[in-house]
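Heads up: take any position in the sequence shown, counting from 1, add 270, and you land on our numbering. Here is the structure we will look at.
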Amino acid sequence: MRHPDSAHYFLPIDKKIAVITFVFICFGLVFTYSSSAFDSSSYFQRQLMFDFVGVAAAIFLSQTYSKLQAKIKPIWLMYITWGFLIWVLFTKPIANVHRWINLGPFNLQPSEIAKVTLVIYMADYLSRVQGKIARNWKLLINPAVIIGITRALMFKAPDLGTPILICGVVAMMLYVAGMSWRQIFSVAPVVLAIVAWQLIFYRYRMERVLSFLHPEKQAATAGYQLTQSFLAVGSGGWFGKGFGNSELKLQYLPAAHTDFIFSIMCEEIGLFGVGIIIFLFCCLLIRGVNLARAAKNGFHSLMIFGLTLTICAQAFFNIAMAIGLLPTKGIPLPFFSYGGSSVIMTLAMIGIICNLSAESTAPKNRPTDDFAYYKNRKKYE
């Protein structure tokens, strides 16, 4: 609550989402420190800084996003995103890919921005054609062009995992907006053809798929990372070896503090511990869907649903990758994997969700004075 002379209404932050986010941040910091076999304090300090910036962004957006959105057209955000995606193609490659822009103390990953801006654009567009899109296929042309350009720029990086994730989220948003599964799956041959072309064009991707099917046959080459992940997951048992006691992080499992941090979590806290983490992601998904259903307008509903699904789908993609249900891809585990862009943009999405849910449920006749509202809250609700 603000000072009673304040002329601004402080939007309440959803308590359930806040608690889940707080737990994720705390455990994310613990495992960032634990999964970094060497120079753990440096990774921890940088991740702490990223979390601090992300929480500040979340709090800021939880109070101001709706006002900012009213001043900025979603298509402008897409233009800015394309600018970053083009910029990154001219940067120095890291591990033979162009995915990060070096900004000194911070590496910006444009694909993380694209996940958010594309949901914003799709929510805005679909809210205006909701109920009509199933009867008029021409209404799909504009979003198809926007998605196509975004995916093409990501493919050029090259990046296949993020575009697939985005397509899944967009498909679910289209379904919520009124399209049937039959209509959505009618474009599946085109999507599969593009994926097949990417697999054939980039030989290492085909090797990943083959190693995913039979990792034990290529345990020393293409299947090495997945095999080591299996060892980490399996050796944790029910309750794990304890915090900091992972052995696979000692130069055995590559990317232990980023893409495969879930494997280290399994090794250290076991099936019981990671089961709680998975349960909390499920709670976040259910809470987000409930908030989307409670929203009073289509834009807010689609935005909350799209952003929640983006976070949770990315988590389930990463977990599935770590335990061998999906081929290995560079998709971080939200809140946990080390990396500034992922952490900051994930927390920014949480802030936007809290803002839209609060705006949708706040009484229209609330006073501008915070103190007067909270003093007579029942009267206005």
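Cβ atoms here follow ideal geometry from the backbone N, Cα and C, with glycine treated the same way.
query                                                                                                                                                                                       : result
Identify whether Leu496 lies in helix, strand or coil by the three-state DSSP scheme.                                                                                                       : helix
On the DSSP letters alone, give me the boundaries of the alpha helix (DSSP H) that Pro413 sits inside.                                                                                      : 411-426
According to DSSP, simplified to helix, strand and coil, what is Val323?                                                                                                                    : helix
Measuring straight from C-alpha to C-alpha, what distance separates Tyr445 and Ile454?                                                                                                      : 8 angstroms
Write down every uninterrupted run of the alpha helix (DSSP H) in the segment 314-401 whose length is 4 residues or greater and which is fully enclosed by it, in chain order.              : 344-358, 380-399
I want to know whether the segment 572-581 touches the segment 392-405 - three or more CB-CB distances under 8 angstroms.                                                                   : yes
Kindly give me the distance between the Cβ atoms of Asn377 and Ile371, rounded to whole angstroms, as I take these residues to be in contact under 8 angstroms.                             : 7 angstroms
Restricting to Cα atoms, I'd like to know which of Val613, Ala328, Met535 is closest to Trp508.                                                                                             : Met535
Considering only C-alpha positions, which residue in the set Leu561, Glu486, Gly514, Leu430 is nearest to Ala466?                                                                           : Leu430
With DSSP run on the structure shown, which of helix, strand or coil describes Gln521?                                                                                                      : coil
Between which residues of its own chain and Ser305 is the CB-CB distance below 6 angstroms, once the five residues before and five after are set aside?                                     : Lys519, Ala526, His527, Ile531, Ile534
State the Cα-Cα distance for the pair Ala590 and Arg398, rounded to the nearest angstrom.                                                                                                   : 35 angstroms
For Met449, name the three-state secondary structure that DSSP assigns.                                                                                                                     : coil
Suppose you measure from the CA of Lys343 to the CA of Ser611; what does that come to, to the nearest Å?                                                                                    : 23 angstroms
Assuming Leu572 and Ala447 form a contact by the criterion Cβ under 8 angstroms, report the distance between their Cβ atoms to the nearest whole angstrom.                                  : 7 angstroms
Residues in its own chain within less than 7 angstroms of Gly600 by CB, not counting five upstream and five downstream?                                                                     : Gly431, Asp529
At the level of alpha carbons, what is the spacing between Lys402 and Ser336?                                                                                                               : 25 angstroms
Express the C-alpha separation of Val440 and Ala458 in angstroms, rounding to a whole number.                                                                                               : 13 angstroms
Would you call the segment 322-335 and the segment 540-553 in contact, with 3 or more CB pairs under 8 angstroms?                                                                           : no
Short check: CB of Ile345 to CB of Leu388, under 9 angstroms?                                                                                                                               : no
Tell me the rounded alpha-carbon separation between Thr616 and Thr580.                                                                                                                      : 9 angstroms
Excluding the 5 residues preceding and the 5 following Ser296 in the sequence, name in chain order all residues of the same chain whose CB lies nearer than 8 angstroms to its CB.          : Note that residue 296 is Cys in the sequence shown, not Ser. Excluding sequence neighbours, Cys296 sits near nothing in its chain.
Exposed or buried, what is Thr334 when buried is set at 16 or more other beta-carbons lying within 10 Å of its beta-carbon?                                                                 : exposed
Please classify Thr528: does DSSP put it in a helix, a strand, or coil?                                                                                                                     : coil
Give me the Cα-Cα distance between Phe292 and Asn560, rounded to the nearest whole angstrom.                                                                                                : 20 angstroms
What residue range is occupied by the uninterrupted alpha helix (DSSP H) comprising His570?                                                                                                 : 568-592
Leaving out five residues before and five after Ala618 in sequence, what residues of the same chain have Cβ atoms less than 8 angstroms from its Cβ?                                        : Gly324, Ala327, Ala328, Leu331, Val386
Throw me the rounded Cβ distance for the Phe513 and Val300 pair, which I believe falls under 8 angstroms.                                                                                   : 7 angstroms
Taking 9 angstroms as the cut-off, decide whether the C-beta atoms of Leu396 and Met443 are in contact.                                                                                     : yes
Cys552: buried (16+ other C-beta within 10 angstroms of its C-beta) or exposed?                                                                                                             : exposed
Kindly list the residues whose CB is nearer than 7 angstroms to the CB of Lys426, restricted to its own chain and excluding five residues on each side of it in sequence; keep chain order. : Leu359
DSSP three-state call for Ala441: helix, strand or coil?                                                                                                                                    : helix
So is Gln317 in contact with chain B if we call contact Cβ pairs under 9 angstroms?                                                                                                         : Protein chain content of the structure displayed is limited to a single chain, and chain B is not contained in it.
Note down the Cα distance separating Thr351 from Gln339, rounded to an integer number of angstroms.                                                                                         : 16 angstroms
With distances taken from CA atoms, which of Lys362, Val367, Phe587 is nearest Leu373?                                                                                                      : Lys362
Could you check if Pro524 is buried or exposed, using at least 16 other CB atoms within 10 Å of its CB as the buried criterion?                                                             : exposed
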